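Right, one structure below, let's go through it.
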Amino acid sequence: MSNRTTFRVLAAATTLLALGAAAGCSTGGAAGADPQRVDVVAAFYPLQFIAERVGGDAVRVTNLAKPGAEPHDLELNPSQVGQVSEAELIVYLKGFQPAVDDAVAQNGGDRAFDVTSVQPLLDASAGGHNHEGEEENAEDSGAKDPHVWLDPTRLAGIGDQLAQRLGKADPDHAADYTAGAAALRADLTALDGEFRHGLATCQRREIVTSHAAFGYLADRYQLDQVGITGLSPDVEPSPQRLAHAIEEAKEHQATTIFFETLVSPKVAETIAGQVGAKTAVLDPIEGLAAGSNGDYLSVMRTNLQTLQTALSCS
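In structure tokens form, the structure reads like this:
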């Protein structure tokens, strides 16, 4: 091959590489992403749910937390870190998943949407049951409860703000995002009405839960949460905490001790055995179970039915 021919081949290859790079940059999103849709990364399931509902066909949503996995302790692999750095919008809840917080701090820039900026978090003790002089659960002292999505009205407010952020990223579809948020708000308002009506008249209002994830739900619907392990579902309760939960369950004649889908039921079963109660699932909807066909709305309605049965609501 002559020098001139070699030069021509190299020049052609260089041109093709340059064109490829330009095409990659022109999408404004992740490499290989659909250039017709906004590339959104959601940190865990409830944020995926609202992003898909608000964004509709105009977005492509990637959930960092896999189905069936407990999202608190999520570790990101290099591919997921790449997804965060390349996304056009990152929807996350600051303080809930340290690995996501770190990735956003390093690569998020102005593409990050922290939902706590819309709905300030309640104290961990909100919705909880404390007698005078009783100490707060030690690991939750001064902590904030991240489970804001368990109040449908707060989730609706987050959806409204998400529509505005999507509209800035993709002005051509801003009206569609506003309409998507309005439809989501209508569904969440209906769900809120079902909870308010369904839990209005109950023989008991205390819910004994293995994981103190239900402060927002308790606060919204005038329930009293007795959390066994505090905010973190994988922290073993101290003997004192366990004894206190048993005492509370007996005092309030609890007939049901609640555990959740993504963690072990052993602690709930221990307390239930001590007080002669049964166990039931109350789902904090941090993630869907693997293979689940449900969504946020259907799981919340199942939670409502479970609460009505356990609390003897009329």
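Letter by letter, the sequence shown follows residues -23 to -1, 1 to 291 in mature numbering (1 follows the signal peptide of the UniProt record, and there is no 0).
Ideal placement from N, C-alpha and C gives every residue a C-beta, glycine not left out.
Given the structure is predicted, the values throughout are model-derived calculations rather than measurements.
Among the options, the one whose alpha carbon lies nearest that of residue i
i	options	result
VAL276	PRO129, ASP50 and PRO97	PRO129
GLU246	THR256, VAL18, VAL240 and LEU239	THR256
GLY85	GLY72, VAL95, ARG37 and VAL58	VAL58
GLN141	ASN270, PRO23, VAL95 and ALA226	VAL95
ALA19	GLN13, LEU51, ALA156 and LEU168	LEU51
TYR69	ASN54, THR93 and GLU63	THR93
ASP196	SER187, GLN180, LEU219 and PHE172	PHE172
Cα-Cα separation, residue i to residue j
i	j	result
PHE21	LEU132	14 Å
ALA152	GLY144	8 Å
ALA146	PRO44	28 Å
LEU239	ALA266	7 Å
GLN25	VAL258	22 Å
ALA42	HIS124	16 Å
VAL38	GLY32	9 Å
GLN217	ALA254	20 Å
ASP91	LYS71	6 Å
LEU274	GLU29	13 Å
THR232	GLN251	12 Å
Buried/exposed call for residue i, threshold 16 Cβ in 10 Å
i	result
GLU224	exposed
PRO214	buried
ALA16	With the sequence shown as reference, residue 16 is identified as Asp, and Ala is not the correct amino acid for it. Classification of ASP16: buried, given that the 10 Å Cβ count is 16 or more.
ALA8	Model confidence at ALA8 stands at a pLDDT of 39, short of 50, so the residue's coordinates are unreliable; what they give is reported in the following sentence. Classification for ALA8: exposed.
SER102	buried
MET(-23)	With a pLDDT of 49 at MET(-23), under the threshold of 50, the modelled position of that residue is not reliable, and the figure given next carries that caveat. By the neighbour-count rule (16 or more Cβ atoms within 10 Å), MET(-23) is not buried but exposed.
ALA158	buried
LEU161	buried
Residue span of the alpha helix (DSSP H) that contains residue i, given as start and end
i	result
LEU139	129 to 146
Short Cβ contact (9 Å threshold) for residue i with residue j
i	j	result
GLY264	ALA46	yes
ILE234	ILE248	yes
GLY170	LEU284	no
GLY204	ALA226	no
ILE27	ILE184	no
Segment limits, beta strand (DSSP E) that includes residue i
i	result
ARG182	Counting along the chain, ARG182 falls outside any beta strand (DSSP E), and DSSP gives it neither H nor E.
LYS255	255 to 258
ASP153	No beta strand (DSSP E) holds ASP153; the alpha helix (DSSP H) holding it covers 151 to 175.
The ligand GTP heavy atom lying under 8 Å from the CB of residue i
i	result
PRO48	Questions concerning the ligand GTP fall outside what the structure shown contains, since it holds no ligand whatsoever.
Any C-beta of chain C under 9 Å from that of residue i
i	result
GLY253	No chain C is part of this structure, which consists of one protein chain only.
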